[in-house]
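Engineer: Structure incoming, see below.
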Amino acid sequence: MADLDPEELVAELNATARSVAAASTKLAKLTNEYERGTNGDLGIGTRYAIALDDELTAIYDEAEAKDKRPPAEDIRAAMARRRVRTKHPDLDADYHRVTTELNALTMWLRDQRTVLSARQSVLNGVRSLGA
């Protein structure tokens with residue numbers, strides 16, 4: 000540990016902290032897009048959930064109108080997702096893009112917090128050794 004430069008560690012900590020701050024801002028914007036939309040309209044997640052619920056209800060109603068038993072719940076869900084992909088391809092693509100980005104950013108931020116914590120521990124160790 001003696002050959003580690005505290006100034007270099009501080010610079011790395013600062014760079015990582017800036018990256019985390021920028022990613023946190025992007026995560027907030029994506030979350031807003033997902034939940035509330037960008038122009039005061041409904042967010043992508045809400046619009047997707049409504050479209051999916053509409054299709055689930057339609058599948059159930061269609062079966063009932065034919066005096067048939069509706070497909071099993073998992074089959075209805077798959078059918079509904081397929082209908083949303085077909086009827087609303089842009090919404091489906093946006094929904095999957097935003098959810099993928101949200102998940103990736105969330106995981107990256109969690110990992111970076113671990114990196115920050117580890118670097119802070121190393122810096123504290125170097126400083127306690129009088130380096």
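So in numbering that gives the first Met the number 0 the end of the sequence shown lands on 130, straight run, no missing numbers. Quick reminder that beta carbons are idealized off the backbone N, C-alpha and C, glycines included. Just so you know, these numbers come straight off a predicted model, no measurement behind them.
1. Use the C-beta contact count for D91: other C-beta atoms within 10 angstroms, 16 or more gives buried, fewer gives exposed.
2. Drop a sphere of 10 angstroms on the beta-carbon of G124, count the other beta-carbons inside from all chains shown, and report buried for 16 or more, exposed for fewer.
3. Thinking C-alpha only, which one of T105, K67, R68 and D52 is nearest A79?
4. Is it buried or exposed, T83, if we count other Cβ atoms within 10 angstroms and call 16 or more buried?
5. Taking all protein chains shown into account, decide if E72 is buried (16 or more other Cβ within 10 angstroms of its Cβ) or exposed.
6. Report, in whole angstroms, the separation of the C-beta atoms of L101 and T30, which I expect to be a contact under 8 Å.
7. Hey, how far is the Cα of T37 from the Cα of S120?
8. For the pair the segment 3-15 and the segment 56-63, tell me if three or more CB-CB distances fall below 8 Å.
9. Taking only the alpha-carbon atoms, compute the straight-line gap between T45 and N13 and give it to the nearest angstrom.
10. What does the alpha-carbon distance come out to for the pair K86 and S23?
11. Residue range of the alpha helix (DSSP H) that H95 falls in?
12. What residue does the alpha helix (DSSP H) around N31 start on, and which one ends it?
Structural biologist: In terms of the structure at hand:
1. Indexing the sequence shown from 1 puts residue 91 at position 92. So D91 counts as buried.
2. Along the sequence shown, read from residue 1 onward, the residue named residue 124 stands at position 125. Exposed, since its Cβ has fewer than 16 Cβ neighbours within 10 Å.
3. One-based indexing of the sequence shown puts residue 79 at position 80. The option with the nearest alpha carbon to A79 is D52.
4. Sequence index remark: in the sequence shown, residue 83 carries index 84 (1-based). Residue identity differs from the one stated: residue 83 is Val in this sequence, not Thr. V83 should be labelled buried.
5. What you label residue 72 is simply residue 73 of the sequence shown in a count that begins at 1. Exposed, by the Cβ-count rule.
6. Looking up residue 101 in the sequence shown gives position 102. Looking up residue 30 in the sequence shown gives position 31. Right, their Cβ atoms sit about 7 Å apart.
7. For the purposes of this step, residue 37 is taken as the residue at position 38 of the sequence shown. For the purposes of this step, residue 120 is taken as the residue at position 121 of the sequence shown. Roughly 40 Å separates the two Cα atoms.
8. no
9. Within the sequence shown, the letter at position 46 stands for residue 45. Within the sequence shown, the letter at position 14 stands for residue 13. C-alpha separation (whole angstroms): 37 Å.
10. Position 87 of the sequence shown holds residue 86. Position 24 of the sequence shown holds residue 23. Answer to the nearest angstrom: the Cα atoms are 33 Å apart.
11. By 1-based counting over the sequence shown, the position of residue 95 is 96. P88 to S127 is the extent of the alpha helix (DSSP H) around H95.
12. As a first step, residue 31 is located in the sequence shown; it is residue number 32 there, counting from the start. Here the alpha helix (DSSP H) through N31 covers P5 to E34.
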